[in-house]
Structure formats: C-alpha cells, structure tokens
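Visitor: Just dropping this structure here.
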Amino acid sequence: MTLLEVREVTKKFGALVANDKVSFTVDPGTIVGLIGPNGAGKTTLFNCISGLYAISAGRIFFDGTEITGLPSFRIARLGAVRTFQVVRPLKEMTVFDNVLVGAFLQGAGNARARATAEECIRICNLTEYADKPAGDLPIGGKKRLELARALATGPKLLMLDEVMAGLTSTEVKGAMEVIHDIRRKGITLLIVEHIMEAIMPIADKVVVLDGGIKIAEGPPDRIIDDERVISAYLGTKFSRRLQARREESKHA
Amino acid sequence: MNHRALKRKDLFWLALVVLLALMPAVSAVATNTFLMHVLILILLFSAMAQTWNIIGGYGGQTSFGHSVFFGIGAYGAGMAVVTYGLSPWPGIGIGMVAAAAVAVLISYPCFKLSGHYFAIATFAIVEIFHRMFLVWYWVGGALGLDYPVVEQGLKNFMWYDTKTGYYYGALALFVLVFGIVRFLESHRFGYYLRAVREGQETAESLGVNSQAIKLTAMALSAALAAMCGAFFGQYNLRVDPSMVMSLDMSMKFVLVTILGGAGTLAGPLLGAAVLIPLQEYTRALWGGLGGGVDLIVFGVLIIIIVIKQPAGISGMVRDIAKHIERRRAAAKGGTSIDAP
Ligand SMILES: Nc1ncnc2c1ncn2[C@@H]1O[C@H](COP(=O)(O)OP(=O)(O)OP(=O)(O)O)[C@@H](O)[C@H]1O
Ligand SMILES: [Mg+2]
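So, in structure tokens, the structure goes:
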C-alpha cells in the first residue's frame, strides 16, 4: 500500500518540459528525499502534486484516491500539505494566527485549534515570535513558520521544499531533529533538499531528478554510488566525502 | 492574541454599548434633535461601513457596489410599506436575500479571475442598477417611494414624535453588525477570510476554499448592507434611486471604513465618528450646495490619511498607544535609576 503515487507525470511550460514522465511512490511512514540540480523540476513537481499546477499528462494518486486535477484545497484536506521554497507568510497576520489557519484544517473548534497551533509553534521554536506579524520574521523564522503552519494541518504527507536552505549549521541540526519528531508522529515526509548531509542520513529512499527526468531512485546508500547521479549532481569529490562518511559509520 | 486581552477588549465594547443605550436618558441629548440625528447617523454609518469591512477590509476585496445592496434593502422595506401597505419587516427580509443573491451573481465570475475585475464589476453595477431603478415603474421610477403616515411603533418601524425610537433601532443595528463581525473575527471563518486576503494560494495550500469563503463573506456583507438600507429608508420616509443607489453612497461605505481603519473592528466606528459629524455640520452650514461638499471633505481627509497613516484612524490610535507605553516604560526606567 502506497500513500502517494506519481505516475508518468509531465509538466510543460510552453516548449520547456519541467517534469518529463516522472514516476515514483512514497510508502506510508517513510521519508523520501527528492534531490537534483537547480532547475531540475523539484518545485514544479511539488506544485503538480499539491494541485497548484494543472499537469500536462500523467496521474497522481494519494491515499487510495486519484487527485489528478483536484483543486489544491481539496488535496490539502485529504492530507497532503506542502511548504513553499519561496516563503509565503501571511504577512499582516501574527505568527500565531498563521499557524492557527493551518490548525483549523483539523476542525473548526477554537480551543483545539489554538492548542494545536501552540504546540506546532513550540516544536518549530517560534514561541518568542508568536505575537509578531509574520512579515517581520527573519528568514530563518519564516522557513520555520512554513513548517509549523503545514504541520498544524495534521497532514498524512508533509512535503517540504528546502526548509533548511539558508539556515546555519546549528539551525540545520535543529531542523533535522524536528523532522525526526514529525516522522515519529507517523507523518510521511517528502523532502526537497540541497543539503546532502541533512537529507541522506534521514531518508529511506531518494529520488533524483535532472532536467525534468527521474535519473535514479533508491536507498541513499545506492544513490551516492550511482554514476549518473554523481556526474549530474553530487560531483565526484562530494560523493567520495559521503562514501567516506558511510565507511566511518560502518567501522564505528 | 491571548484570551485575557480579548476579554478586556470586549469589556470596552460592552461599556460603550451601555453608554450609548443610556444616552437618550439624558434629557439634554434626547431633546436636541440635531444631536440625536447625528448620533443616529453615526451608528448607522458605522454599521454600514462594518458591513463593507467584512469583504473589503477582512477579505481585501474592494467593492464599489455596496450602495446597490443598500438600495435593494431600502426598496424592500419601502415597497412593503408604500406599494403593498404592509409592515416593512417582510420587505427587509426579502431585500436582504435579494441583495445577497445579486452579490453572489456579481462576485462568482469575478472571484475566479484575479486582479481588479471585482472592483470594476461592482463599480459597474451601481450605474446599471441606478439607471434601471430610475425607469422601473414597479419600484416607483425616478419619483421614488414616499412613505404614507402609518401607526407609530416597532411594527411599522416608524416614529414621528421623537427620534428615540430610531436611535434604539440604529443602536440595535450597530450591535448586531458589530457583534457578528466580532464573532467572525475570532472564529475559523474570520481567520480564513484574512488568510485569503494575505495570500490566496497559500490559504488554499492549507485547505481553505477561497472561492467559497469570499462568496460567503460577500453575501453576508450584502445582506447586512441591505438591512442598513432599509433603516435608512424608514428613517428618511422616502426611497429613490439617487438617494440610495448612487456612487456617492457607495463611496461612503468605502471611505468611512478606510478612514477609520479597514480590517479592524473599531475602524468603521472611528471613521463614522469623524466623518458623519463633519458631513452633517458642513451640510447644515452650506446646505444650499447640496451633496457635493461633504464628499470633497471626505476626499481631502482620505488623501491626508493615506499619506500619513495607511492603517487609518485605528492605526493612529495604535501608534499613540504604543508611544504612551514606551513613554511610561522610559519613565519607569528613569525612576529606577534615580532610586538609591
Ligand atoms: N511557472 C513557471 N513558468 C515557466 N517556467 C517555469 C515555471 N516554474 C518553473 N519553471 C521552469 O521549470 C524548470 C524547473 O524549475 P523548478 O523550480 O521546478 O526547479 P527546482 O528543481 O525546484 O530548482 P531549485 O533547486 O533551484 O529550487 C526551470 O527551468 C524553471 O525555470
Ligand atoms: Mg525549487
């Protein structure tokens, strides 16, 4: 039983094919990494899955139902919720109210939604900013807000688009812990990330895109040895570093 | 915002309503017809601006068409009384439903499009409805509807001896509209509405059906505006197209709210409390010049506001409150330094 199935999805912008017959599946309870060079089509794929874009061809299934062509709010209501790489705070609303909007997806009740919002704000270390307008947050805070708001919806599948980009290495460690906690709650994750040190250790499976085409899919171990992935994205030096780290951890 | 701050705010509103309810007990107020008239209009225009605030302030969709909904409500009550010899109440109900229906019909295609289609479409319906009502025999055409003398009281919503009846009617309208908005503001619908204003795609990504939210807000706003229009007709004892369905009237919905502070609960009241006395006193002074002067005054004030403080009077009040708080904090800091 898969939670998400992307079947031969194609997305064209005029002559540009941003996603070219991409297929993969996400099993419930797992973390799947989606990687690839800039412009590979990762964000476009998120936009297709979440219903922001109408796809040019292919089909998408989520939790046993076909979601191809559904409006994005329906897909979110089914439990597939995403964050935005280019952050989109609801600027004039407070950080708390931003997260509250997410929390209301779990029910209209005020008390419960407030409790959920408070918890998600705490998990994402935003408590000190809770009453500030979201537009005033520093960029790291806005990234955490994206995560808190999506998390508050109580999703089955959480799709994170570079939530760690631009964070300091301490912040990245913090974010990785948050992601671990989220997985422990039973939430499935699909994560776009350029920071390999962050995604490789936590992913159960990695899907690699290049020029809109899926060039590899498999456990992180195999991906870092894959010739095509090394030449298209990781680079020889970087791949050796990841391999060396793997050897170290084996011996330890 | 924490719950204690919310409760404190509600106490302020409660105190205000009690104070307003006691006003006519002061005989100097009750016997001053001009003052009563101004107070009634402040309450009425606060309520009107608040209905606009639902879609225009919280929802961020600028409507120039609210005089159409206002007018439909006025005609609903007016026709019930003048044409059919009934009490205005069934007419008010029908007017509210009709206004909501017109609002949804206009908005449905516009909300699907982005950009300024909504503002332009609402602008256009004022002209269309105005002209239509001018030549529509059934609704009284250009002559409009003149109320006959009927029995005083709540059943006919009509009082001749004093303005006290209308005053309490306006206060009830004020409490109803502000109460509804206060409730929405702190519940899911209100949060969703603001979320759609701040970012429609973002709101949708969180499960918000933005189209349904905007349509509901628009329908509610129009129905309540119609109720205000019915009051206006009952109060003036007449209804005609230029009086209730003009662009002038539409602009007052917009300007009062923006001047006071769009998207805030207090904004419409603050805006009306400043603009209505100004309008009525300028009218009393330059009565012969007709309706033009007050709009010029409105316009100038709006220009000043937009340049000085885009958040309106409520934004100014907030700034002043912050300033005082900072002063107080600074003063406290000062004494602690002076202390041995
Ligand atoms: N709305 C759009 N209209 C036209 N072209 C687009 C649009 N969105 C993306 N593209 C193009 O599609 C390709 C894939 O872009 P996308 O943003 O999906 O890449 P990405 O893998 O997310 O890259 P990055 O790692 O830089 O975020 C790029 O060539 C981009 O210019
Ligand atoms: Mg991207």
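Protein chains in written order, with my numbering: chain A, 193 to 444; chain B, 3 to 342. Each residue gets a CB set at the ideal place from its N, CA and C atoms; glycine is no exception.
#1: Around ligand 2, which residues pass a check of Cβ closer than 7 Å to any of its heavy atoms?
#2: Check whether chain A comes within 8 Å of residue 193/B, counting only Cβ atoms and requiring the distance to be less than that.
#3: Any idea what DSSP makes of residue 338/B, helix, strand or coil?
#4: Residues of chain A with a CB under 8 Å from the CB of residue 58/B: which are they?
#5: Could you check whether the Cβ of residue 208/B sits closer than 8 Å to any Cβ belonging to chain A?
#6: Check each residue of the segment 288-299 of chain A: if its Cβ is closer than 7 Å to any Cβ of chain B, include it; give the result in chain order.
#7: Look up residue 47/B in the DSSP assignment and give the residues it is bridged to.
#8: Verify the contact flag: residue 13/B, CB atom, against every heavy atom of ligand 1, threshold strictly below 7 Å.
#9: What residues match up with residue 204/A in a beta bridge as DSSP calls it?
#10: Taking residue 241/B and residue 146/B to be in contact with their CB atoms under 8 Å, please state how far apart those CB atoms are, rounded to whole angstroms.
#11: Grab the span of the alpha helix (DSSP H) containing residue 333/A for me, first residue to last.
#12: As a quick exercise: from 317/B, 129/B and 200/B, pick the residue whose alpha carbon is nearest that of residue 246/B.
#13: May I have the straight-line CA-CA distance separating residue 279/B from residue 172/B, to the nearest angstrom?
#14: Excluding the 5 residues flanking residue 312/A on each side, which residues of the same chain have their C-beta closer than 6 Å to its C-beta?
#15: Which same chain residues end up closer than 7 Å to residue 341/B when comparing Cβ atoms and leaving out the 5 residues on each side of it in sequence?
#16: Is it true that the CB of residue 282/A sits closer than 8 Å to the CB of residue 266/B?
#17: Following a CB-centred definition, is residue 231/A positioned closer than 7 Å to any heavy atom of ligand 1?
#18: For residue 349/A, verify whether its CB is less than 7 Å away from any heavy atom of ligand 4.
#19: Is residue 249/B helix, strand or coil when you go by DSSP?
#20: Ligand 1 and residue 210/A: does any heavy atom of the ligand fall closer than 7 Å to the residue's C-beta?
#21: DSSP on residue 2/B, reduced to helix/strand/coil?
#22: Identify whether residue 178/A lies in helix, strand or coil by the three-state DSSP scheme.
#23: Just to check, is the beta-carbon of residue 427/A closer than 7 Å to a non-hydrogen atom of ligand 1?
#24: Looking at chain A, is there any beta carbon in it that lies within less than 8 Å of the beta carbon of residue 10/B?
#25: Got a sec: is the Cβ-Cβ distance from residue 201/B to anything in chain A below 8 Å?
#26: Give me the DSSP bridge partner(s) of residue 225/A.
#27: Looking at C-beta atoms only, is the number of pairs between the segment 71-87 of chain B and the segment 224-244 of chain B that lie closer than 8 Å three or more?
#28: Name the DSSP beta bridge partners of residue 351/A, please?
#29: Around the Cβ of residue 230/A, are there at least 16 other Cβ atoms within 10 angstroms (buried) or fewer (exposed)?
#30: What is the C-beta distance between residue 407/A and residue 421/A, in whole angstroms, given that I count them as a contact (C-beta under 8 Å)?
#31: Please check if any C-beta of chain A sits within less than 8 Å of the C-beta of residue 133/B.
#32: For residue 205/A, count the other beta carbons within 10 Å of its own beta carbon; 16 or more makes it buried, fewer makes it exposed. Which is it?
#33: For residue 218/A, which beta-bridge partners are listed by DSSP?
#34: Report the neighbours of residue 318/A on chain B: residues whose CB is nearer than 9 Å to its CB, in chain order.
#35: Check for me: the alpha helix (DSSP H) holding residue 365/A runs from which residue to which?
#36: Between the segment 39-53 of chain B and the segment 273-288 of chain B, do three or more beta carbon pairs fall short of 8 Å?
Guide: Based on what the coordinates show:
#1: 234/A, 235/A, 277/A, 353/A, 354/A and 384/A
#2: Taking the first residue of the second sequence as 1, we reach residue 193/B at position 191. Cβ-Cβ to chain A under 8 Å: yes for residue 193/B.
#3: The sequence position of residue 338/B within the second sequence is 336, counting from 1. At residue 338/B, the pLDDT of 41 sits below 50, so the modelled position is not reliable; the number obtained from the coordinates is stated separately. Helix.
#4: By one-based count along the second sequence, residue 58/B stands at place 56. Within 8 Å Cβ-Cβ: nothing; residue 58/B doesn't reach chain A, min ~15 Å.
#5: Here residue 208/B corresponds to residue number 206 of the second sequence, with the count starting at 1. Yes, residue 208/B lies at the interface with chain A (some Cβ there is under 8 Å from its Cβ).
#6: 289, 292, 293, 294, 296 and 297
#7: Locating residue 47/B in the second sequence gives position 45, where the first residue counts as 1. Answer is none; residue 47/B lacks a bridge partner.
#8: If you number the second sequence from 1, residue 13/B lands on position 11. No.
#9: Taking the first residue of the first sequence as 1, we reach residue 204/A at position 12. For residue 204/A, which the question treats as bridged, DSSP gives the partners 209/A.
#10: Residue 241/B sits at position 239 when you count from the first residue of the second sequence. Residue 146/B sits at position 144 when you count from the first residue of the second sequence. The Cβ separation is near 5 Å, so the contact holds.
#11: Locating residue 333/A in the first sequence gives position 141, counting from the first residue. It spans 331-344 - the alpha helix (DSSP H) in which residue 333/A sits, taken as one unbroken run.
#12: For the purposes of this step, residue 246/B is taken as the residue at position 244 of the second sequence. Of 317/B, 129/B and 200/B, the residue nearest in Cα terms is 129/B.
#13: Counting from one through the second sequence, the residue named residue 279/B turns up at place 277. Counting from one through the second sequence, the residue named residue 172/B turns up at place 170. Going by the C-alpha atoms only, they are around 16 Å apart.
#14: As a working note, residue 312/A is residue 120 in the first sequence. For residue 312/A, where only same-chain residues beyond five positions count, the Cβ hits under 6 Å are 291, 340, 343 and 344.
#15: Here residue 341/B is taken as the residue at index 339 of the second sequence, counted from 1. Any answer about residue 341/B is weak, because its pLDDT of 37 lies below 50 and its placement is not dependable; what the coordinates show is given next. Correct list: empty, nothing qualifies.
#16: As a position in the second sequence, residue 266/B is number 264, starting the count at 1. As a position in the first sequence, residue 282/A is number 90, starting the count at 1. No, they are not a contact pair.
#17: Residue mapping note: residue 231/A aligns to position 39 of the first sequence, counting from 1. Indeed, a heavy atom of ligand 1 lies less than 7 Å from the Cβ.
#18: What this structure holds is ligand 1 and ligand 2, not ligand 4.
#19: Along the second sequence, one-based indexing puts residue 249/B at 247. Of the three classes helix, strand and coil, the one that applies to residue 249/B here is helix, per DSSP.
#20: On the first sequence, residue 210/A is found 18 positions in, with the first residue counted as 1. Under cutoff, so the answer is yes.
#21: Given that chain B is displayed from residue 3 to residue 342, the structure contains no residue 2/B and the question cannot be resolved.
#22: With chain A represented from 193 up to 444, any question about residue 178/A goes unanswered, as that position is not in the structure.
#23: Walking along the first sequence from the start, residue 427/A turns up at place 235. Residue 427/A: no, Cβ never under 7 Å from ligand 1.
#24: Counting from 1 along the second sequence, the entry for residue 10/B is found at position 8. For residue 10/B, the answer is no, since every Cβ of chain A falls outside 8 Å of its Cβ.
#25: Within the second sequence, numbered from 1, the residue matching residue 201/B stands at position 199. With 8 Å as the cut-off, residue 201/B counts as an interface residue toward chain A.
#26: Residue numbering aside, residue 225/A sits at position 33 when the first sequence is read from its first letter. Paired residues: 383/A and 398/A.
#27: yes
#28: The count along the first sequence starts at 1 and reaches residue 351/A at position 159. Residue 351/A pairs with 274/A and 382/A.
#29: The residue given as residue 230/A occupies position 38 in the first sequence. Classification of residue 230/A: exposed, given that the 10 Å Cβ count is below 16.
#30: One-based indexing of the first sequence puts residue 407/A at position 215. One-based indexing of the first sequence puts residue 421/A at position 229. Sure, about 7 Å apart at Cβ, within 8 Å.
#31: As a working note, residue 133/B is residue 131 in the second sequence. With 8 Å as the cut-off, residue 133/B does not count as an interface residue toward chain A.
#32: For the purposes of this step, residue 205/A is taken as the residue at position 13 of the first sequence. That one is exposed.
#33: In the first sequence, residue 218/A corresponds to position 26, counting from 1. Looking at the DSSP assignment, residue 218/A forms a beta bridge with 196/A.
#34: Here the question's residue 318/A lines up with position 126 in the first sequence. Here the premise fails: no neighbours, minimum Cβ distance about 16 Å.
#35: For this step, residue 365/A is matched to residue 173 along the first sequence. Its alpha helix (DSSP H) spans residues 361-376.
#36: yes
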